[in-house]
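Residue numbers (my numbering), protein chains in the order written: chain A, 321 to 752; chain B, 10 to 303.
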Amino acid sequence: MRRLYVVKKSFLISLALALMIGACAGAVSAEKLTIWSTLTQISRAEMLEKIANDFAAQHPGLEVEIAVMPWGGAMDRIVASILAGNPPDVATVGQGWPQSLAGTGGIVPLDDLVGEIGEDKFLGTSLSVLGSLDGVAYSVPLYVTPHVLTYRKSWLADAGKDIPQTWEDLYDVCKAVTNVKQGRYGFAMPFDMHGGKITWGFLLANGVTILDKNANGEWEVNVNQPAAVETLEFMAKLVRDCAPPGVTTYTTNEVRELVAQGIVMTRLDTPEFYPTVREYQPETLDDFGVIPLPARKRLGSSQGWVGLVAFDTPRQKLAKEFMKFMLEEENLVDYSLSYPYAMFPATQEAYANQRYLEGVPDELKPLIPITPDILDNSSGIAMWTGDNPWAGEIENKLILPNALNNMLTTGMSAEKAIERMETEIRRLMTAQ
Amino acid sequence: MKIRLRREGLEGLALYIPSLLIILFVVIYPVIYAAYLSLHSYHLVRLSDVHFVGLANYISILKDPDFWASIENGLVFTFGSLIPQTVLGLAIAQLLNHPDLKAKTLWRGLIIMPWLIPTVTAAIIFRWMFNDIYGVLNYILLNLNIIDRPVAWLAHPGWAMFLLILTNIWRGLPLMVTMFLAALQGIPPELHEAATVDGASGLQAYFRVTLPLIAPVVQIAAILRTIWMFNYYDLPWVMTMGGPAGATTTPPIYAYLTTFSGYRLGQGAAITIVLFFILACFSVVYFRLQSQVE
Chain A
321 MRRLYVVKKS FLISLALALM IGACAGAVSA EKLTIWSTLT QISRAEMLEK IANDFAAQHP
381 GLEVEIAVMP WGGAMDRIVA SILAGNPPDV ATVGQGWPQS LAGTGGIVPL DDLVGEIGED
441 KFLGTSLSVL GSLDGVAYSV PLYVTPHVLT YRKSWLADAG KDIPQTWEDL YDVCKAVTNV
501 KQGRYGFAMP FDMHGGKITW GFLLANGVTI LDKNANGEWE VNVNQPAAVE TLEFMAKLVR
561 DCAPPGVTTY TTNEVRELVA QGIVMTRLDT PEFYPTVREY QPETLDDFGV IPLPARKRLG
621 SSQGWVGLVA FDTPRQKLAK EFMKFMLEEE NLVDYSLSYP YAMFPATQEA YANQRYLEGV
681 PDELKPLIPI TPDILDNSSG IAMWTGDNPW AGEIENKLIL PNALNNMLTT GMSAEKAIER
741 METEIRRLMT AQ
Chain B
10 MKIRLRREGL EGLALYIPSL LIILFVVIYP VIYAAYLSLH SYHLVRLSDV HFVGLANYIS
70 ILKDPDFWAS IENGLVFTFG SLIPQTVLGL AIAQLLNHPD LKAKTLWRGL IIMPWLIPTV
130 TAAIIFRWMF NDIYGVLNYI LLNLNIIDRP VAWLAHPGWA MFLLILTNIW RGLPLMVTMF
190 LAALQGIPPE LHEAATVDGA SGLQAYFRVT LPLIAPVVQI AAILRTIWMF NYYDLPWVMT
250 MGGPAGATTT PPIYAYLTTF SGYRLGQGAA ITIVLFFILA CFSVVYFRLQ SQVE
């Protein structure tokens with residue numbers, strides 16, 4: 321009898337303790353903000369965690385969970401999470417993603433947040449085009465990156481050439497430094513998804529916008545024009561005469577490594593090759609220089625861009641608060657400086673912040689004054705004339721680099737490649 | 010007696026139910042749902058506009074020259090890999106089964122090695138071997154003065170497909186060897202002894218005794234490999250990403266690019282249904298052969 325009493329008593333005490341612990345745990349983890357980040361480098365992942373912890377410290381009882389994942393497959397994962405009804409609260413997104421995700425109804429408009437921050441606070445078209453669809457903001461930019469051409473001062477000196485000012489100069493310089501026997505090449509570009517951005521940069525600099533709105537406000541493909549043919553012919557000539565033979569199989573990382581290792585001189589991309597140079601040949605850092613892509617008909621370029629989106633979850637108010645916190649001047653400066661080669665702060669005040677300007681690595685300092693001008697004259701693929709829902713798909717389907725690839729690989733004419741590009745874009749605009 | 014039989018029947022049915030449910034949800038439901046999706050405009054980024062489109066998705070795909078190019082690439086890749094795998098597989102299995110072969114376990118262990126390497130790793134290794142700048146193939150050929158400048162093996166449509174097939178042969182050969190070896194070991198030695206007594210040469214014994222006896226296994230292995238390779242995604246994707254200029258875009262890569270570049274699930278489902286019927290033809294052959302074996 322006594323034994324039964326003890327058992328009963330211990331059971332009741334255990335039950336009470338379990339309930340208390342459960343209640344406490346429930347109170348502590350009443351809210352959990354989930355962030356999916358595609359920015360995998362350790363330095364910026366750690367800084368994001370620090371900023372998230374600072375945000376959590378301001379919200380007692382809030383837990384912030386960050387899941388870091390690579391870019392490849394991240395969009396599929398986000399779309400799947402929306403369909404499954406368990407998306408994160410906040411995620412980082414690439415170019416064209418906000419427009420695609422807006423159509424799923426899974427992300428929420430951010431006009432209220434933009435109103436609080438100030439629409440005119442963002443650099444270039446980073447908010448007005450890259451983060452919007454039909455004039456509604458669905459993403460706030462976290463960072464932007466100018467695309468620039470790299471060159472090596474010693475290679476130019478050896479070839480007796482100056483920094484290129486025109487497309488003709490660019491070809492001459494790249495051709496002059498190319499020496500197959502020595503394993504030196506003037507130019508390279510990737511033919512993966514990033515290759516679309518590079519091709520777009522050249523097209524835009526020659527006045528080709530790919531998509532335009534007609535008088536009725538409807539989108540039309542306008543790529544089939546002499547300037548587009550001229551651009552592809554120029555790029556094909558540049559690649560054929562100045563790039564390594566296997567260039568059409570290269571990825572972005574491979575091109576970056578070839579530049580850093582002194583095999584290729586010029587690429588059009590972000591200044592993110594500097595960390596790779598530091599890794600392979602730190603003694604050559606001073607030998608590198610960067611310039612904007614020379615104008616053909618106009619100044620134009622591709623650009624790097626990453627934004628934040630908030631999902632339709634019960635914590636969307638908190639998600640927006642976090643995004644606002646992240647974009648506060650000092651936090652954005654901290655975050656940008658954690659990986660400065662790829663991330664230029666997207667707000668004007670952070671860009672002009674003294675701590676940011678002093679903290680930027682020396683090799684990037686010449687870029688600081690010219691970056692706003694580059695960004696003002698660049699946009700995401702096919703988004704120069706405004707936001708549209710097809711930009712992401714044009715990039716994902718490799719429509720632009722494939723046109724060039726067809727010319728280089730199968731001998732297709734530029735006219736035919738442009739016709740094919742036009743057909744493919746038109747097909748995806750009308751496909752079911 | 011009748012009640013007992015009925016009870017046993019119910020118990021038997023109960024034992025079947027879990028498997029039936031799994032097949033229903035994992036195989037039948039997805040096929041029916043894919044067929045349903047293929048008749049709709051189901052664009053994930055326009056979810057508010059899902060509507061019935063009849064055969065429009067099928068017409069769009071069948072009119073797309075890239076689809077037919079991918080089918081052609083798929084057939085070249087599949088049969089270009091299958092024939093050498095079968096011929097080499099038979100030859101190596103015969104060698105490994107030779108009674109005078111020393112260190113059989115070692116050789117059998119070595120031959121299985123490529124199968125132990127994950128496909129993605131194998132694809133990356135071969136991709137690097139054929140790289141124009143760092144690749145070991147160019148390094149050797151340049152040093153032997155066979156070529157005077159690096160060759161971009163994977164940037165040339167013909168070479169890219171050939172090297173993809175070569176990698177696939179290397180990767181898939183161990184499975185064929187293992188299956189053929191198992192079949193060879195099942196042949197009673199008395200049959201070969203009888204053939205020798207009857208004066209048959211080695212070749213005659215092989216073609217008149219060995220090959221007919223292992224033919225059912227060879228046929229089934231070949232059909233199964235055909236289905237697998239026609240559906241093979243990871244090796245071509247990692248090694249060439251379907252390039253250059255679509256030269257190695259096989260049907261699974263075409264399906265992936267069409268579906269996931271713009272999240273057009275209706276079109277994607279239509280492609281999978283078309284591929285389903287193509288593979289169903291191979292499956293019919295497989296089941297016929299299997300029933301002959303049984």
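The beta-carbon is built from N, C-alpha and C at its ideal position, and this holds for glycine as well.
Computed from a predicted structure; not experimentally measured.
**OP:** For C290 of chain B, count neighbouring Cβ atoms within 10 angstroms of its own Cβ and tell me buried if that reaches 16, exposed if not.
**Re:** exposed
Subject >> Cβ of I583 of chain A within 8 angstroms of any chain B Cβ >> reply: yes
Subject >> Chain-ordered neighbours of I142 of chain B on chain A, where CB pairs are closer than 8 angstroms >> reply: G503, P564, G566, L578 and I583
Original post:
Where do the ends of the alpha helix (DSSP H) carrying A209 of chain B lie?
Top reply: Careful: A209 of chain B lies outside any alpha helix (DSSP H) and carries neither H nor E.
**OP:** Please confirm if the region 642-661 of chain A is in contact with the region 458-469 of chain A, defined as three or more CB-CB distances below 8 angstroms between the two stretches.
**Re:** Touching, per the Cβ criterion.
Subject >> Secondary structure of T281 of chain B, DSSP reduced to three states >> reply: Helix.
Original post:
For a contact meaning CB atoms closer than 8 angstroms, what does V160 of chain B contact in chain A?
Top reply: P565
Original post:
What are the partner residues of W356 of chain A, as DSSP defines its beta bridges?
Top reply: A:A387 and A:A411
**OP:** Answer yes or no: the CB of Y659 of chain A versus the heavy atoms of the ligand NAP, is any distance below 7 angstroms?
**Re:** The ligand NAP is not among the ligands present in this structure, which contains no ligands whatsoever.
**OP:** May I ask which residues mark the beginning and end of the alpha helix (DSSP H) holding P721 of chain A?
**Re:** Note, P721 of chain A: alpha helix (DSSP H), I719 to T730.
Original post:
Do you know offhand how far Y67 of chain B's Cα is from D73 of chain B's?
Top reply: Y67 of chain B and D73 of chain B have their C-alpha atoms some 10 angstroms from each other.
**OP:** Round the Cβ separation of G277 of chain B and A264 of chain B to the nearest angstrom and send it over; I've been treating them as touching at under 8 angstroms.
**Re:** 6 angstroms
**OP:** Leaving aside the five residues before and after A345 of chain A along the sequence, list all residues of the same chain whose C-beta is less than 7 angstroms from its C-beta, in chain order.
**Re:** Here the model assigns A345 of chain A a pLDDT of 47, short of 50, so the residue's position is not dependable, and the following value carries that caveat. Nothing listed; no residue qualifies.
**OP:** Just mark E603 of chain A as buried or exposed, buried being the case when its beta carbon has 16 or more other beta carbons within 10 Å.
**Re:** exposed
**OP:** Starting from F631 of chain A, find everything on chain B with Cβ-Cβ shorter than 7 angstroms and list it in chain order.
**Re:** The contacting residues do not exist; F631 of chain A stays about 15 angstroms from chain B at best.
Original post:
Looking at chain A, which residues of the region 260-279 of chain B have a Cβ within less than 9 angstroms of any of its Cβ atoms?
Top reply: So the list reads L266, T267, F269, S270, G271, Y272, R273, G275 and Q276, given in the order they occur along the chain.
Subject >> Touching by the beta-carbon criterion (3+ pairs, under 8 angstroms), the region 552-560 of chain A and the region 721-734 of chain A >> reply: With a cut-off of 8 angstroms, the region 721-734 of chain A and the region 552-560 of chain A count as touching, because enough Cβ pairs lie within range.
**OP:** Note down the Cα distance separating A711 of chain A from T705 of chain A, rounded to an integer number of angstroms.
**Re:** Using only the alpha carbons, I get a separation of about 11 angstroms.
Subject >> Three-state class that DSSP yields for M137 of chain B in the structure shown >> reply: Met is not the amino acid found at residue 137 of chain B; the sequence shown has Trp there. If DSSP states are grouped into helix, strand and coil, W137 of chain B belongs with the helices.
Subject >> Reduced DSSP secondary structure (H/G/I, E/B, other) of I427 of chain A >> reply: strand
Subject >> Run of the alpha helix (DSSP H) containing I774 of chain A, from where it starts to where it stops >> reply: This structure gives no information on residue 774 of chain A, because the portion of chain A shown stretches from 321 to 752.
Original post:
If L652 of chain A sits next to P665 of chain A, beta carbons under 8 angstroms apart, how far is it from one beta carbon to the other, in whole angstroms?
Top reply: 5 angstroms
**OP:** Kindly list the residues whose CB is nearer than 8 angstroms to the CB of L288 of chain A, restricted to its own chain and excluding five residues on each side of it in sequence; keep chain order.
**Re:** Given that chain A is displayed from residue 321 to residue 752, the structure contains no residue 288 of chain A and the question cannot be resolved.
**OP:** Determine contact between the region 675-689 of chain A and the region 493-512 of chain A, defined as no fewer than three beta-carbon pairs at a distance below 8 angstroms.
**Re:** no
Original post:
What are the residues of the region 506-526 of chain A that lie near chain B, defined by any Cβ-Cβ distance shorter than 9 angstroms?
Top reply: F511 and D512
Original post:
If you measure from the beta carbon of S401 of chain A to each beta carbon in chain B, is any gap under 8 angstroms?
Top reply: no
Subject >> Residues of its chain near R746 of chain A, where Cβ-Cβ distance is below 6 angstroms and the 5 sequence neighbours each way are ignored >> reply: V541
Subject >> Secondary structure of A422 of chain A, DSSP reduced to three states >> reply: Note: A422 of chain A maps to helix in three-state DSSP.
**OP:** Give me whichever residues DSSP pairs with A457 of chain A in a beta bridge.
**Re:** A:S452
**OP:** Hey, could you find the ends of the alpha helix (DSSP H) Q228 of chain B is sitting in?
**Re:** L220 to F239
Original post:
Mapping DSSP to helix, strand and coil, what is L443 of chain A?
Top reply: coil
Subject >> Inter-residue CB distance, M7 of chain B and A132 of chain B (contact presumed, cutoff 8 angstroms) >> reply: This structure does not reach residue 7 of chain B, given that chain B is present from 10 up to 303, and the question cannot be answered.
Original post:
Helix, strand or coil: how does DSSP classify N499 of chain A here?
Top reply: strand
Subject >> CB contact flag (Y608 of chain A, R472 of chain A, <8 angstroms) >> reply: According to the sequence displayed, residue 608 of chain A carries Phe and not Tyr. In contact: F608 of chain A and R472 of chain A (Cβ atoms closer than 8 angstroms).
**OP:** Starting from the beta carbon of A751 of chain A, find every residue of chain B whose beta carbon is closer than 7 angstroms, and list them in chain order.
**Re:** S69, R273 and Q276
Subject >> C-alpha gap between I694 of chain A and N406 of chain A, whole angstroms >> reply: 39 angstroms
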